[in-house]
Amino acid sequence: MASRGFMEELGTKQGLGLDSGWVEMREKHGRGGSMEASLTGWQETGEQIAIKQCRQELSPRNRERWCLEIQIMRRLNHPNVVAARDVPEGMQNLAPNDLPLLAMEYCQGGDLRKYLNQFENCCGLREGAILTLLSDIASALRYLHENRIIHRDLKPENIVLQQGEQRLIHKIIDLGYAKELDQGSLCTSFVGTLQYLAPELLEQQKYTVTVDYWSFGTLAFECITGFRPFLPNWQPVQWHSKVRQKSEMDIVVSEDLNGAVKFSSSLPYPNNLNSVLAQRLEKWLQLMLMWHPRQRGTDPVYGPNGCFKALDDILNLKLVHILNMVTGIIHTYPVTEDESLQSLKARIQNDTGIPEEDQELLQEAGLALIPDKPATQCISEGKLNEGRTLDMDLVFLFDNSKITYETQISPRPQPESVSCILQEPKRNLSFFQLRKVWGQVWHSIQTLKEDCNRLQQGQRAAMMNLLRNNSCLSKMKNSMASMSQQLKAKLDFFKTSIQIDLEKYSEQTEFGITSDKLLLAWREMEQAVELCGRLFHQENEVKHLVERMMALQTDIVDLQRSPMGRKQGGTLDDLEEQARELYRRLREKPRDQRTDGDSLEMVRLLLQAIQGFEKKVRVIYTQLRYLPQLPFSRVEFREAARTHVRPFSHCPLTCLP
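Under my numbering, the first residue of the sequence shown is numbered 24, with each subsequent residue one higher.
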């Protein structure tokens, strides 16, 4: 192979001192075509780069493609398009033919296909990963189109990943099929990758930038769901005949387990998107996957080619996720920078029926949302970063009017294929059907585990909020007890003092020494003592209040010690791992062992997971039911504290030293 001789010759030359800045050079696995081989190494600057060279046996057309790719690469400059680099001095002389070498930045994360093929992504990427990819690829395509370049071969194999400072960066590569837009730009010849090609390219019709819209939409759909949208396993002729029957709004053409072909305009479940993003991206995919190229990418608001602006609107959404702890349902709300918390609460009331005044909104750490701050206070900074791939920021909604929390949580509805094998676990399915439905079963078990973990986070948030309030209430209790003791001492002292003064005054009057003004002042003080005495009859109530606070603290300690109050692993984790292993073994079967089979074992794991979920939810809500029944809630305490502390603070004796 030409590249092998090239690498061996380079190694010999390096030994002689040529390009001594290259400390390593190795051959990369081929790109799958017959056009080029890739090598990587380091420049003197320390940057690792890739070198692509053409194989010797090239047709004139492919030689032209190669030279065009180099021309295009050398003049592009965008963070989401792989950048060209200078070929190291002397290396061109080692090429096996007269075609130029192409030097590019090297992305160590591999290509998107490798990422999509990971088990974890069988039902689509996580939400954050989807958003970063859409942002990067849209930016790259917009840049190419602004520079009058159509890529024409956008697919996961032509997107590589590079780890940035905060997140993964996606870059488009392989512009070998790219076509520059000139006066004769409506080209009618193309040879490319069929799975992602727009219909007009398959039909060898004239085309424009909208062919990239189709490829981008297909790619985005696959990243969201884990599979391509239109009959991915069909042959091109049959594929074209069937898919062209779809309506303009259809974004899925698929076979069910009975082999029936179904058309749908809805984004299929399972996926990892929240409800708002799923709805918005569904409409955006309808723009991108229109069969007719003239309508494709046309947005109702932004007009022709407005799909990028429409996507910008989606990517710029600020979303608040509210987990209703009464029903277990997550409500997602787009909010503006200046939207008030009261406005958000009104929307929550409309969706949940919980009045604004009864809504308790807690963050994961147990902190209540601050009323005079905007609704965006619960959104973490830097949502478009790798951290968002893990999970959403949740706010937990509690209903303060509830005396007790009943278990109203049920597992989510299962995807159609999963429901089918739940009813017929012994049904024989083809290997490809098994691979898809088993992946969905594993995802369902993962979802059960995640939903359970979120409910437990909400339960812990309530506990942490109780602990925070307990600390505050303890200070109030101590303050009341201290004030009570001080007032009692002052009252006793003043009673004795005023009694002595009045007795002495009575003795003076016998000798004709009187003072009406002084006597009036003493009588007023005596009345004040009587008033404080009446107030201080509440001392027993204060003692009772303190006793109830002590009982509250004892209950809180008991709750903390309870295993229900701590994060627990267990059954769902084990079942999820077993399902993952079963799915992994299926996927890794050699081709000659990929036979039909049933789903008995996978169904058994799913049923056990559903039972484990329901059991764990009952445990969580047992504790949630107990929280409102504590002998003295924080709301009651605050009201009682106002009742007892405020009169003491207005007692005239409090001004005495």
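From the three backbone atoms N, C-alpha and C, an ideal C-beta is built for every residue, glycine too.
Terminal residues of the beta strand (DSSP E) in which residue i lies
{"i": "F244", "result": "Here F244 belongs to no beta strand (DSSP E); instead the alpha helix (DSSP H) covers 233-248."}
{"i": "E87", "result": "Premise fails: E87 lies in the alpha helix (DSSP H), 83-98, not in any beta strand (DSSP E)."}
{"i": "E278", "result": "275-278"}
{"i": "L417", "result": "417-422"}
{"i": "F286", "result": "284-287"}
Inter-residue spacing [alpha-carbon to alpha-carbon] between residue i and residue j
{"i": "V105", "j": "R627", "result": "47 Å"}
{"i": "F517", "j": "E549", "result": "9 Å"}
{"i": "L217", "j": "L225", "result": "8 Å"}
{"i": "D336", "j": "P83", "result": "45 Å"}
{"i": "S442", "j": "L478", "result": "25 Å"}
{"i": "G620", "j": "F455", "result": "11 Å"}
{"i": "I196", "j": "G389", "result": "46 Å"}
{"i": "Q309", "j": "P323", "result": "12 Å"}
{"i": "Y428", "j": "V349", "result": "7 Å"}
{"i": "E611", "j": "A391", "result": "48 Å"}
{"i": "G113", "j": "Q268", "result": "56 Å"}
{"i": "I95", "j": "W262", "result": "33 Å"}
{"i": "D109", "j": "N103", "result": "19 Å"}
{"i": "L342", "j": "K178", "result": "30 Å"}
{"i": "Q646", "j": "Q372", "result": "25 Å"}
{"i": "P252", "j": "W314", "result": "13 Å"}
{"i": "Q76", "j": "E278", "result": "42 Å"}
{"i": "G282", "j": "E604", "result": "28 Å"}
{"i": "V418", "j": "Q386", "result": "5 Å"}
{"i": "L154", "j": "R86", "result": "37 Å"}
{"i": "K638", "j": "P434", "result": "11 Å"}
{"i": "D515", "j": "L525", "result": "16 Å"}
{"i": "D273", "j": "K285", "result": "10 Å"}
{"i": "S502", "j": "Q509", "result": "11 Å"}
{"i": "N328", "j": "H174", "result": "16 Å"}
{"i": "L490", "j": "A484", "result": "10 Å"}
{"i": "L542", "j": "Y528", "result": "8 Å"}
{"i": "N100", "j": "D159", "result": "14 Å"}
Three-state class that DSSP yields for residue i in the structure shown
{"i": "L342", "result": "strand"}
{"i": "Q76", "result": "strand"}
{"i": "K449", "result": "coil"}
{"i": "F454", "result": "helix"}
{"i": "L198", "result": "coil"}
{"i": "F636", "result": "helix"}
{"i": "V105", "result": "coil"}
{"i": "Q186", "result": "strand"}
{"i": "D322", "result": "strand"}
{"i": "G481", "result": "helix"}
{"i": "L191", "result": "strand"}
{"i": "F253", "result": "strand"}
{"i": "Q71", "result": "strand"}
{"i": "N488", "result": "helix"}
{"i": "T618", "result": "coil"}
{"i": "N328", "result": "coil"}
{"i": "I536", "result": "coil"}
{"i": "I337", "result": "helix"}
{"i": "G44", "result": "Residue confidence is low: G44 scores 46 on pLDDT, short of 50, so the model does not pin down where it sits. Its coordinate-derived value is still stated next. Coil, per DSSP."}
{"i": "N347", "result": "strand"}
Whole-Å CB distance - residue i paired with residue j, under 8 Å assumed
{"i": "V260", "j": "H168", "result": "Contact flag wrong, Cβ pair sits at about 31 Å."}
{"i": "D702", "j": "I393", "result": "In the structure as shown, the chain starts at 24 and stops at 680, and residue 702 therefore has no counterpart that could be examined."}
{"i": "G132", "j": "L191", "result": "6 Å"}
{"i": "Y219", "j": "L254", "result": "Actually they are not in contact, since the Cβ atoms of Y219 and L254 sit about 14 Å apart, beyond 8 Å."}
{"i": "C330", "j": "G249", "result": "Between G249 and C330 the Cβ distance is about 23 Å, and since that is not below 8 Å, they are no contact."}
{"i": "L280", "j": "L452", "result": "7 Å"}
{"i": "G320", "j": "Y236", "result": "4 Å"}
{"i": "L367", "j": "A398", "result": "4 Å"}
{"i": "E150", "j": "L300", "result": "7 Å"}
{"i": "L623", "j": "P448", "result": "5 Å"}
{"i": "E180", "j": "D134", "result": "5 Å"}
Residue range of the unbroken alpha helix (DSSP H) whose run includes residue i
{"i": "D159", "result": "150-169"}
{"i": "D597", "result": "594-610"}
{"i": "Q302", "result": "298-311"}
{"i": "K265", "result": "259-266"}
{"i": "P681", "result": "Residue 681 cannot be examined here, being either before or after the span of the chain that is shown, 24 to 680."}
The ligand SAM heavy atom lying under 6 Å from the CB of residue i
{"i": "N85", "result": "This structure does not include the ligand SAM; it has no bound ligands of any sort."}
Next on the checklist: Threshold first: 3 residues or longer. Then list the beta strand (DSSP E) segments lying entirely within the stretch 350-415, N to C.
Outcome noted: Annotation note: the stretch 350-415 contains the following uninterrupted beta strand (DSSP E) runs of length 3 or greater, listed N- to C-terminal: 353-357, 382-385.
Item to check | Segments assigned alpha helix (DSSP H), at least 4 residues, entirely inside the stretch 113-139 | outcome: Whole alpha helix (DSSP H) segments, 4+ residues: 135-139.
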